[in-house]
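See structure below.
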Amino acid sequence: MVDHYAVVYDGNENEISIYKGACPGISVEAEAIMGNKVITKVNGVKLLINNSDLNCVAFEDLVKKLKNKCSASIKTNTSNMPSVGGGIPEADITIQGNHIAMIEQILTQDYGFPVRFILVNDKTNKKKKKK
1 MVDHYAVVYD
11 GNENEISIYK
21 GACPGISVEA
31 EAIMGNKVIT
41 KVNGVKLLIN
51 NSDLNCVAFE
61 DLVKKLKNKC
71 SASIKTNTSN
81 MPSVGGGIPE
91 ADITIQGNHI
101 AMIEQILTQD
111 YGFPVRFILV
121 NDKTNKKKKK
131 K
């Protein structure tokens, strides 16, 4: 038996897409760049990409919410080309600052994305100086 998962758009059971394979997670990673500057990268949001067949505009909605809630500069990267093996195109978001908690909250509360599929990696831990 082949693994598969379903994506229900806007809680509407009539607007559903079924995909092969295990459900991919959304990766949220904060990393320090140029000393004390931090950026947060969100990868794997391809489930929230526009789906013209289903009138889904969840990706743009997510970007607007993040920009509003985080009050930060946001850069998006979407590909119109399907990922390897077909399927939905890739997309990622880069946000200025460390906003891991806010992103987790928005994905779980506003979009109903299960916490177990949100992979968090905080690379901003400061190393203490030895005396």
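Quick note: the sequence shown uses the UniProt record's numbering, first residue 1, plus one each step.
The beta-carbon is built from N, C-alpha and C at its ideal position, and this holds for glycine as well.
If you follow the beta strand (DSSP E) that residue i is in, where does it begin and where does it stop?
i	result
residue 38	37-43
residue 27	26-33
residue 122	118-123
Comparing alpha-carbon positions, which option in the options lies nearest residue i?
i	options	result
residue 65	107, 32, 20, 91	107
residue 75	94, 19, 31, 42	94
Looking at the secondary structure, which residues open and close the alpha helix (DSSP H) in which residue i lies?
i	result
residue 63	58-70
residue 103	100-105
Strictly by DSSP, which residues pair up with residue i?
i	result
residue 6	18
residue 96	39
residue 75	94
Taking a contact to mean a Cβ-Cβ separation below 7 Å, would you say residue i touches residue j in this structure?
i	j	result
residue 133	residue 96	Only positions 1 to 131 of the chain appear in the structure, and residue 133 is not among them; the question remains open.
residue 68	residue 92	no
residue 26	residue 100	no
residue 98	residue 2	no
Which residues in the same chain have their Cβ closer than 8 Å to the Cβ of residue i, if we skip the five residues on either side of it in sequence?
i	result
residue 123	29, 30, 31, 32
residue 45	26, 59, 62, 91, 92, 93
residue 115	104, 108
Output needed for residue i: all residues of its chain with C-beta closer than 6 Å, excluding positions within five of it in sequence on either side, in chain order.
i	result
residue 41	29, 94
Indicate, with yes or no, if the ligand FAD has a heavy atom lying under 6 Å from the CB of residue i.
i	result
residue 99	This structure does not include the ligand FAD; it has no bound ligands of any sort.
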